[in-house]
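Student: Residue numbering for the sequence shown follows the numbering used here, beginning at 11 and increasing consecutively.
Here a beta-carbon is modelled for each residue, glycine too, at the ideal position from N, C-alpha and C.
Because the structure is a prediction, the values reported are computed rather than measured.
First the structure, then my questions, so here it is.
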Amino acid sequence: MKCIDGGVTSAKGFQAAGIAAGIKKGNTKDMAMIYSEKPCTTAGTFTTNLVKAAPVKWDQKVVYEAPYTQAVVCNSGIANACTGAEGYGYCEATAKAAAEVLDIPKESVLVASTGVIGQQLPMEKLEAGVKKLAPVLSGARQAGILAAESIMTTDTVRKEAAVEIELSGKTVTIGGMCKGSGMIHPNMCTMLGFVTTDAAIEKQLLQEALSEVVADTYNMISVDGDTSTNDTVLVLANGMAENPVITEKNEDYETFKGALKYVNTSLAKQIAADGEGASALFEVKIIGAETKEQAVVLSKSVITSNLTKAAIFGHDANWGRILCAMGYSGAQFDPDKVDLAFESSAGHIQIIENGVAVNYSEEEATRILSENYVTAIADLKMGQETAIAWGCDLTYDYVKINADYRS
(Lines of atoms letter the chains of each structure in order from A and count residues from 1; the text may use other names and numbers.)
(Lines give C-alpha, C1' and ligand atoms only; values in the text may rest on other atoms or scores of the structure.)
Protein backbone atom coordinates (compact mmCIF):
# COMPACT_ATOMS: atom_id res chain seq x y z
CA MET A 1 0.00 0.00 0.00
CA LYS A 2 1.29 3.43 -0.98
CA CYS A 3 0.01 6.62 0.64
CA ILE A 4 -0.44 9.48 -1.84
CA ASP A 5 -1.41 13.14 -1.68
CA GLY A 6 -5.01 12.97 -2.76
CA GLY A 7 -8.72 12.87 -2.13
CA VAL A 8 -11.91 12.10 -4.02
CA THR A 9 -10.39 12.89 -7.44
CA SER A 10 -7.46 10.49 -7.01
CA ALA A 11 -9.27 7.41 -8.29
CA LYS A 12 -9.60 7.03 -12.05
CA GLY A 13 -12.73 8.51 -13.59
CA PHE A 14 -13.78 10.70 -10.67
CA GLN A 15 -14.22 14.48 -10.87
CA ALA A 16 -15.15 17.06 -8.23
CA ALA A 17 -15.88 20.73 -7.75
CA GLY A 18 -16.47 23.17 -4.90
CA ILE A 19 -18.00 26.65 -5.00
CA ALA A 20 -19.62 29.40 -2.95
CA ALA A 21 -23.36 29.25 -3.62
CA GLY A 22 -24.45 31.82 -1.05
CA ILE A 23 -25.89 29.37 1.48
CA LYS A 24 -23.46 30.43 4.21
CA LYS A 25 -22.73 34.00 5.26
CA GLY A 26 -20.05 35.76 3.28
CA ASN A 27 -18.43 34.47 0.11
CA THR A 28 -17.58 31.11 1.72
CA LYS A 29 -17.42 27.85 -0.24
CA ASP A 30 -20.53 25.86 0.67
CA MET A 31 -21.39 23.42 -2.14
CA ALA A 32 -19.49 20.44 -3.52
CA MET A 33 -20.10 17.87 -6.22
CA ILE A 34 -18.49 14.51 -6.95
CA TYR A 35 -19.09 12.84 -10.32
CA SER A 36 -17.99 9.53 -11.81
CA GLU A 37 -17.59 9.04 -15.55
CA LYS A 38 -19.05 5.56 -15.13
CA PRO A 39 -21.84 4.19 -12.91
CA CYS A 40 -20.72 3.12 -9.45
CA THR A 41 -21.36 0.26 -7.12
CA THR A 42 -22.21 1.99 -3.85
CA ALA A 43 -22.23 1.29 -0.12
CA GLY A 44 -23.25 3.50 2.77
CA THR A 45 -23.51 3.72 6.54
CA PHE A 46 -25.69 6.21 8.34
CA THR A 47 -26.50 7.80 11.69
CA THR A 48 -28.11 5.69 14.41
CA ASN A 49 -29.93 8.78 15.71
CA LEU A 50 -33.70 8.27 15.54
CA VAL A 51 -33.93 11.85 14.25
CA LYS A 52 -32.59 11.39 10.73
CA ALA A 53 -32.06 14.31 8.40
CA ALA A 54 -33.82 14.29 5.03
CA PRO A 55 -30.58 13.60 3.06
CA VAL A 56 -29.96 10.50 5.18
CA LYS A 57 -33.38 9.14 4.26
CA TRP A 58 -32.83 9.96 0.57
CA ASP A 59 -29.39 8.34 0.50
CA GLN A 60 -30.57 5.23 2.30
CA LYS A 61 -33.22 4.75 -0.37
CA VAL A 62 -30.69 5.29 -3.17
CA VAL A 63 -28.00 3.04 -1.65
CA TYR A 64 -30.43 0.23 -0.83
CA GLU A 65 -32.66 0.36 -3.92
CA ALA A 66 -30.96 2.06 -6.90
CA PRO A 67 -28.95 -0.14 -9.29
CA TYR A 68 -26.03 2.30 -9.24
CA THR A 69 -24.99 5.84 -8.38
CA GLN A 70 -22.94 8.37 -10.30
CA ALA A 71 -22.89 11.68 -8.40
CA VAL A 72 -22.97 13.27 -4.96
CA VAL A 73 -24.12 16.82 -4.19
CA CYS A 74 -23.31 18.24 -0.76
CA ASN A 75 -24.04 21.58 0.86
CA SER A 76 -22.75 23.03 4.11
CA GLY A 77 -24.37 25.68 6.30
CA ILE A 78 -27.83 24.12 6.60
CA ALA A 79 -28.36 20.50 7.69
CA ASN A 80 -31.83 19.96 6.17
CA ALA A 81 -32.74 18.10 9.38
CA CYS A 82 -36.10 18.26 11.15
CA THR A 83 -37.56 19.78 7.98
CA GLY A 84 -40.37 17.30 7.31
CA ALA A 85 -41.76 16.36 3.92
CA GLU A 86 -40.65 19.69 2.48
CA GLY A 87 -37.03 18.96 3.34
CA TYR A 88 -37.20 15.50 1.77
CA GLY A 89 -38.72 17.05 -1.33
CA TYR A 90 -35.72 19.37 -1.51
CA CYS A 91 -33.43 16.34 -1.60
CA GLU A 92 -35.34 15.03 -4.60
CA ALA A 93 -35.27 18.47 -6.21
CA THR A 94 -31.49 18.68 -5.72
CA ALA A 95 -31.02 15.22 -7.23
CA LYS A 96 -33.25 16.15 -10.16
CA ALA A 97 -31.30 19.35 -10.83
CA ALA A 98 -28.01 17.43 -10.79
CA ALA A 99 -29.44 14.67 -12.98
CA GLU A 100 -30.46 17.22 -15.60
CA VAL A 101 -27.09 18.96 -15.85
CA LEU A 102 -25.12 15.69 -15.71
CA ASP A 103 -27.50 13.71 -17.96
CA ILE A 104 -27.84 10.84 -15.49
CA PRO A 105 -30.87 9.32 -13.69
CA LYS A 106 -32.20 11.20 -10.67
CA GLU A 107 -32.02 7.96 -8.66
CA SER A 108 -28.25 7.84 -9.21
CA VAL A 109 -27.64 11.12 -7.37
CA LEU A 110 -26.78 11.09 -3.66
CA VAL A 111 -27.22 14.24 -1.58
CA ALA A 112 -25.79 15.38 1.74
CA SER A 113 -26.15 18.42 3.98
CA THR A 114 -24.44 19.69 7.10
CA GLY A 115 -24.95 22.73 9.28
CA VAL A 116 -27.74 24.23 11.37
CA ILE A 117 -30.69 21.93 12.17
CA GLY A 118 -34.29 23.04 11.58
CA GLN A 119 -33.84 25.46 8.68
CA GLN A 120 -35.16 24.84 5.18
CA LEU A 121 -32.70 24.91 2.30
CA PRO A 122 -32.77 27.99 0.04
CA MET A 123 -33.53 25.92 -3.05
CA GLU A 124 -33.03 28.74 -5.54
CA LYS A 125 -29.42 29.00 -4.33
CA LEU A 126 -28.97 25.23 -4.22
CA GLU A 127 -30.28 24.68 -7.74
CA ALA A 128 -28.20 27.58 -9.05
CA GLY A 129 -25.21 26.07 -7.27
CA VAL A 130 -25.73 22.72 -8.99
CA LYS A 131 -25.70 24.49 -12.36
CA LYS A 132 -22.47 26.29 -11.43
CA LEU A 133 -20.78 23.11 -10.17
CA ALA A 134 -21.29 20.87 -13.19
CA PRO A 135 -19.28 22.94 -15.74
CA VAL A 136 -16.25 23.20 -13.42
CA LEU A 137 -16.04 19.50 -12.55
CA SER A 138 -12.46 18.30 -12.88
CA GLY A 139 -10.30 15.32 -12.05
CA ALA A 140 -7.45 17.61 -11.01
CA ARG A 141 -6.04 17.53 -7.48
CA GLN A 142 -7.14 21.12 -6.88
CA ALA A 143 -10.75 20.22 -7.67
CA GLY A 144 -10.70 17.63 -4.88
CA ILE A 145 -9.25 20.21 -2.51
CA LEU A 146 -12.00 22.72 -3.35
CA ALA A 147 -14.66 20.06 -2.77
CA ALA A 148 -13.14 19.13 0.61
CA GLU A 149 -13.10 22.78 1.65
CA SER A 150 -16.70 23.30 0.55
CA ILE A 151 -18.18 20.74 2.95
CA MET A 152 -16.57 22.25 6.08
CA THR A 153 -18.64 23.87 8.86
CA THR A 154 -16.74 24.50 12.10
CA ASP A 155 -13.82 22.47 10.72
CA THR A 156 -10.58 24.43 10.77
CA VAL A 157 -8.84 22.30 8.12
CA ARG A 158 -9.94 20.19 5.17
CA LYS A 159 -9.72 16.44 5.64
CA GLU A 160 -8.52 14.10 2.88
CA ALA A 161 -6.64 10.82 2.46
CA ALA A 162 -5.70 8.52 -0.43
CA VAL A 163 -3.76 5.31 -1.11
CA GLU A 164 -2.77 3.08 -4.01
CA ILE A 165 -2.79 -0.73 -3.86
CA GLU A 166 -2.26 -3.63 -6.24
CA LEU A 167 -5.16 -6.01 -6.94
CA SER A 168 -4.31 -8.91 -9.24
CA GLY A 169 -1.65 -6.84 -10.97
CA LYS A 170 -3.82 -3.75 -11.41
CA THR A 171 -3.18 -0.45 -9.63
CA VAL A 172 -6.25 0.55 -7.63
CA THR A 173 -6.74 3.88 -5.89
CA ILE A 174 -8.92 4.72 -2.89
CA GLY A 175 -9.37 8.38 -1.98
CA GLY A 176 -11.67 10.24 0.33
CA MET A 177 -12.70 13.43 2.06
CA CYS A 178 -14.76 14.07 5.16
CA LYS A 179 -15.97 16.82 7.45
CA GLY A 180 -16.57 16.85 11.15
CA SER A 181 -15.49 18.89 14.14
CA GLY A 182 -18.33 19.06 16.65
CA MET A 183 -21.41 16.97 17.50
CA ILE A 184 -19.12 13.96 17.08
CA HIS A 185 -19.92 10.73 18.88
CA PRO A 186 -20.41 7.04 18.02
CA ASN A 187 -22.22 5.51 16.49
CA MET A 188 -21.19 7.59 13.55
CA CYS A 189 -20.79 11.25 14.18
CA THR A 190 -21.74 14.75 12.90
CA MET A 191 -19.72 13.89 9.97
CA LEU A 192 -19.94 13.33 6.30
CA GLY A 193 -17.49 11.03 4.55
CA PHE A 194 -17.16 10.40 0.83
CA VAL A 195 -14.79 7.74 -0.49
CA THR A 196 -14.15 7.04 -4.17
CA THR A 197 -12.33 4.09 -5.69
CA ASP A 198 -11.72 2.73 -9.16
CA ALA A 199 -11.83 -0.84 -7.81
CA ALA A 200 -14.27 -3.34 -9.27
CA ILE A 201 -16.12 -5.01 -6.41
CA GLU A 202 -19.52 -6.61 -5.90
CA LYS A 203 -22.03 -4.48 -3.98
CA GLN A 204 -22.64 -6.79 -1.03
CA LEU A 205 -18.91 -7.20 -0.41
CA LEU A 206 -18.37 -3.44 -0.67
CA GLN A 207 -21.09 -2.91 1.95
CA GLU A 208 -19.63 -5.59 4.22
CA ALA A 209 -16.16 -4.07 3.94
CA LEU A 210 -17.43 -0.57 4.72
CA SER A 211 -19.55 -1.70 7.67
CA GLU A 212 -16.60 -3.55 9.22
CA VAL A 213 -14.27 -0.60 8.63
CA VAL A 214 -16.69 1.93 10.14
CA ALA A 215 -16.84 -0.11 13.35
CA ASP A 216 -13.09 0.38 13.88
CA THR A 217 -12.80 3.95 12.58
CA TYR A 218 -15.66 6.48 12.74
CA ASN A 219 -17.39 4.52 15.50
CA MET A 220 -14.25 4.81 17.62
CA ILE A 221 -14.09 8.61 17.75
CA SER A 222 -15.82 11.16 19.93
CA VAL A 223 -15.50 14.89 20.46
CA ASP A 224 -18.42 15.84 22.64
CA GLY A 225 -20.81 12.93 23.15
CA ASP A 226 -23.47 14.23 20.75
CA THR A 227 -24.59 11.92 17.96
CA SER A 228 -25.71 13.83 14.87
CA THR A 229 -28.81 13.67 12.69
CA ASN A 230 -26.84 13.75 9.43
CA ASP A 231 -24.03 11.18 9.70
CA THR A 232 -23.32 9.61 6.34
CA VAL A 233 -20.37 7.71 4.89
CA LEU A 234 -20.55 6.68 1.24
CA VAL A 235 -18.20 4.61 -0.90
CA LEU A 236 -18.48 4.78 -4.68
CA ALA A 237 -16.62 2.18 -6.78
CA ASN A 238 -16.62 2.65 -10.57
CA GLY A 239 -14.45 -0.33 -11.58
CA MET A 240 -12.26 1.74 -13.92
CA ALA A 241 -9.04 0.19 -12.57
CA GLU A 242 -10.19 -2.92 -14.47
CA ASN A 243 -9.11 -5.36 -11.79
CA PRO A 244 -10.96 -8.70 -11.77
CA VAL A 245 -14.27 -8.00 -10.03
CA ILE A 246 -14.05 -8.94 -6.35
CA THR A 247 -16.88 -11.41 -5.83
CA GLU A 248 -15.57 -13.36 -2.84
CA LYS A 249 -13.51 -12.76 0.29
CA ASN A 250 -10.18 -13.63 -1.29
CA GLU A 251 -6.74 -12.01 -1.06
CA ASP A 252 -7.83 -9.06 -3.21
CA TYR A 253 -10.80 -8.44 -0.91
CA GLU A 254 -8.60 -8.44 2.20
CA THR A 255 -6.12 -6.08 0.53
CA PHE A 256 -8.94 -3.76 -0.52
CA LYS A 257 -10.56 -3.81 2.91
CA GLY A 258 -7.21 -3.08 4.56
CA ALA A 259 -6.69 -0.04 2.33
CA LEU A 260 -10.26 1.13 2.88
CA LYS A 261 -9.67 0.87 6.62
CA TYR A 262 -6.44 2.86 6.36
CA VAL A 263 -8.13 5.71 4.46
CA ASN A 264 -11.05 5.88 6.85
CA THR A 265 -8.83 5.60 9.93
CA SER A 266 -6.87 8.58 8.65
CA LEU A 267 -10.07 10.55 8.05
CA ALA A 268 -11.52 9.59 11.45
CA LYS A 269 -8.36 10.67 13.26
CA GLN A 270 -8.38 13.97 11.36
CA ILE A 271 -11.92 14.58 12.63
CA ALA A 272 -10.97 13.83 16.23
CA ALA A 273 -7.85 16.01 16.01
CA ASP A 274 -9.95 18.90 14.65
CA GLY A 275 -12.58 18.65 17.39
CA GLU A 276 -14.10 22.04 18.09
CA GLY A 277 -11.55 24.08 20.02
CA ALA A 278 -9.19 21.11 20.32
CA SER A 279 -5.45 21.51 20.77
CA ALA A 280 -4.55 17.80 20.89
CA LEU A 281 -5.60 14.46 19.41
CA PHE A 282 -6.13 12.04 22.32
CA GLU A 283 -5.70 8.34 21.51
CA VAL A 284 -6.58 5.56 23.94
CA LYS A 285 -5.28 2.01 23.43
CA ILE A 286 -6.68 -0.81 25.50
CA ILE A 287 -4.44 -3.86 25.23
CA GLY A 288 -4.45 -7.25 26.94
CA ALA A 289 -8.25 -7.38 26.94
CA GLU A 290 -10.21 -10.60 27.21
CA THR A 291 -12.64 -9.66 24.44
CA LYS A 292 -12.79 -7.09 21.66
CA GLU A 293 -16.08 -5.74 23.03
CA GLN A 294 -14.50 -5.17 26.45
CA ALA A 295 -11.61 -3.25 24.88
CA VAL A 296 -13.97 -1.13 22.75
CA VAL A 297 -16.18 -0.17 25.70
CA LEU A 298 -13.22 0.78 27.88
CA SER A 299 -11.42 2.84 25.24
CA LYS A 300 -14.59 4.75 24.35
CA SER A 301 -15.31 5.46 28.01
CA VAL A 302 -11.94 7.12 28.46
CA ILE A 303 -12.07 9.32 25.36
CA THR A 304 -15.55 10.56 26.28
CA SER A 305 -14.64 11.46 29.88
CA ASN A 306 -14.79 15.26 30.18
CA LEU A 307 -12.54 15.18 33.23
CA THR A 308 -9.92 13.18 31.34
CA LYS A 309 -10.24 15.43 28.27
CA ALA A 310 -9.74 18.49 30.50
CA ALA A 311 -6.65 16.89 32.06
CA ILE A 312 -5.20 16.29 28.59
CA PHE A 313 -5.78 19.96 27.77
CA GLY A 314 -3.91 20.89 30.95
CA HIS A 315 -1.07 18.44 30.16
CA ASP A 316 -1.83 16.84 33.53
CA ALA A 317 -1.02 13.15 34.08
CA ASN A 318 -4.13 12.75 36.25
CA TRP A 319 -4.29 9.00 35.76
CA GLY A 320 -7.03 8.56 38.37
CA ARG A 321 -9.51 10.07 35.92
CA ILE A 322 -8.64 7.42 33.31
CA LEU A 323 -8.99 4.55 35.76
CA CYS A 324 -12.25 6.06 37.00
CA ALA A 325 -13.66 6.30 33.44
CA MET A 326 -12.73 2.67 32.87
CA GLY A 327 -14.40 1.71 36.12
CA TYR A 328 -17.82 3.15 35.25
CA SER A 329 -17.77 1.91 31.65
CA GLY A 330 -19.70 -1.25 32.51
CA ALA A 331 -16.89 -3.52 31.30
CA GLN A 332 -15.46 -5.93 33.85
CA PHE A 333 -11.72 -5.93 34.65
CA ASP A 334 -9.42 -6.08 37.68
CA PRO A 335 -8.19 -2.54 38.56
CA ASP A 336 -5.38 -4.06 40.62
CA LYS A 337 -3.80 -5.54 37.49
CA VAL A 338 -3.92 -2.51 35.17
CA ASP A 339 -0.74 -0.91 33.84
CA LEU A 340 -1.01 2.60 32.35
CA ALA A 341 1.43 4.63 30.29
CA PHE A 342 1.43 7.86 28.27
CA GLU A 343 3.34 8.42 25.07
CA SER A 344 3.80 11.01 22.35
CA SER A 345 6.54 12.13 19.98
CA ALA A 346 8.27 13.45 23.12
CA GLY A 347 8.63 9.99 24.66
CA HIS A 348 7.01 7.23 26.72
CA ILE A 349 6.37 7.13 30.45
CA GLN A 350 4.93 4.46 32.73
CA ILE A 351 2.42 5.96 35.17
CA ILE A 352 0.86 3.05 37.07
CA GLU A 353 1.68 -0.63 37.45
CA ASN A 354 -0.81 -3.13 38.82
CA GLY A 355 -3.20 -0.31 39.66
CA VAL A 356 -0.68 1.68 41.71
CA ALA A 357 1.36 4.76 40.75
CA VAL A 358 5.03 4.17 40.03
CA ASN A 359 7.78 6.65 40.87
CA TYR A 360 7.54 8.79 37.73
CA SER A 361 8.57 12.37 36.98
CA GLU A 362 5.64 14.80 36.79
CA GLU A 363 7.82 17.14 34.71
CA GLU A 364 8.56 14.36 32.21
CA ALA A 365 4.88 13.41 32.07
CA THR A 366 3.89 17.02 31.41
CA ARG A 367 6.47 17.29 28.62
CA ILE A 368 5.08 14.15 26.95
CA LEU A 369 1.48 15.34 27.35
CA SER A 370 2.29 18.75 25.86
CA GLU A 371 2.42 17.38 22.29
CA ASN A 372 -0.53 17.68 19.90
CA TYR A 373 -0.93 13.87 19.60
CA VAL A 374 -1.05 12.05 22.93
CA THR A 375 -1.68 8.35 23.60
CA ALA A 376 -2.75 6.59 26.78
CA ILE A 377 -2.06 2.84 26.85
CA ALA A 378 -3.86 0.65 29.39
CA ASP A 379 -2.90 -3.02 29.71
CA LEU A 380 -5.59 -5.17 31.37
CA LYS A 381 -3.46 -8.35 31.39
CA MET A 382 -6.51 -10.49 30.69
CA GLY A 383 -6.01 -11.67 27.10
CA GLN A 384 -4.90 -10.71 23.60
CA GLU A 385 -7.62 -8.35 22.37
CA THR A 386 -7.04 -4.68 21.57
CA ALA A 387 -9.08 -1.58 20.69
CA ILE A 388 -8.10 1.99 19.83
CA ALA A 389 -10.35 5.04 20.22
CA TRP A 390 -9.67 8.66 19.33
CA GLY A 391 -10.91 11.87 20.89
CA CYS A 392 -9.52 15.28 21.73
CA ASP A 393 -8.89 17.54 24.67
CA LEU A 394 -11.62 19.78 26.08
CA THR A 395 -10.72 23.44 25.81
CA TYR A 396 -12.28 26.81 26.62
CA ASP A 397 -12.90 27.35 22.92
CA TYR A 398 -15.34 24.42 22.65
CA VAL A 399 -17.90 26.33 24.71
CA LYS A 400 -17.26 29.58 22.83
CA ILE A 401 -17.75 27.94 19.43
CA ASN A 402 -21.00 26.23 20.37
CA ALA A 403 -22.43 29.19 22.29
CA ASP A 404 -22.10 31.30 19.13
CA TYR A 405 -22.84 28.57 16.54
CA ARG A 406 -25.97 30.19 15.04
CA SER A 407 -24.88 33.82 15.39
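Any chance you could list the beta strand (DSSP E) runs of at least 3 consecutive residues sitting entirely within the segment 14-45, in chain order?
Tutor: Listed in chain order, they are 24-29.
Student: Helix, strand or coil, according to DSSP, for Asp389 in the structure here?
Tutor: Here Asp389 sits in strand by DSSP.
Student: How would you write the range of the beta strand (DSSP E) that Phe204 sits in, first residue to last?
Tutor: 202-207 is the span of the beta strand (DSSP E), which, as asked, contains Phe204.
Student: With a threshold of 7 Å on Cβ separation, who are the neighbours of Ala305 within its own chain once the five nearest residues in sequence on each side are excluded?
Tutor: Hits under 7 Å: Ile296, Ala299, Glu395, Thr396, Ala397.
Student: Ignoring anything shorter than 4 residues, give me the alpha helix (DSSP H) runs that lie fully in the segment 210-249, in order along the chain.
Tutor: Counting whole runs of 4 or more residues, the segment 210-249 contains the alpha helix (DSSP H) stretches 213-226.
Student: Just to confirm the assignment: which complete beta strand (DSSP E) runs, minimum length 3, are found wholly within the segment 270-357?
Tutor: You should have 291-299, 349-354.
Student: Let me check understanding here. Comparing Cα to Cα, which of Lys302, Glu176, Val146 lies closest to Gly393?
Tutor: When each option's Cα is compared against that of Gly393, the closest is Lys302.
Student: If you reduce the DSSP assignment to three classes, tell me which class Val368 lands in.
Tutor: Coil, per DSSP.
Student: Closest to Ala27 by C-alpha separation, out of Asn364, Val18, Ile33, would be which residue?
Tutor: Checking every option, the nearest Cα to that of Ala27 belongs to Val18.
Student: Report buried or exposed for Leu60, applying the criterion of at least 16 other Cβ atoms within 10 angstroms of its Cβ.
Tutor: So Leu60 counts as exposed.
Student: How big is the Cα-Cα spacing for Leu220 and Ser371?
Tutor: Their backbone Cα atoms lie some 43 Å apart in a straight line.
Student: Using the DSSP secondary-structure output, state which residues sit across from Ala95 in a beta bridge.
Tutor: Paired residues: none, contrary to the question.
Student: When DSSP builds the beta bridges, which residues end up paired with Tyr421?
Tutor: With the chain covering 11 to 417 only, the question about residue 421 has no answer from this structure.
Student: Ignoring anything shorter than 3 residues, give me the beta strand (DSSP E) runs that lie fully in the segment 59-94, in order along the chain.
Tutor: Runs of the beta strand (DSSP E) inside the segment 59-94: 79-88.
Student: For Tyr406, collect the residues of the same chain with a Cβ closer than 8 Å to its Cβ; drop the 5 residues on either side in sequence, then sort them by chain order.
Tutor: Excluding residues within five positions, the ones whose Cβ falls inside 8 Å are Gly287.
Student: Using 8 Å as the cut-off, can you tell me whether the segment 21-37 makes contact with the segment 136-150, which would need three or more C-beta pairs spanning the two stretches below that distance?
Tutor: At 8 Å Cβ cutoff, the stretches touch.
Student: Compute the Euclidean distance between the alpha carbons of Ser339 and Leu215, then round it to the nearest angstrom.
Tutor: Distance between the alpha carbons of Ser339 and Leu215 is about 33 Å.
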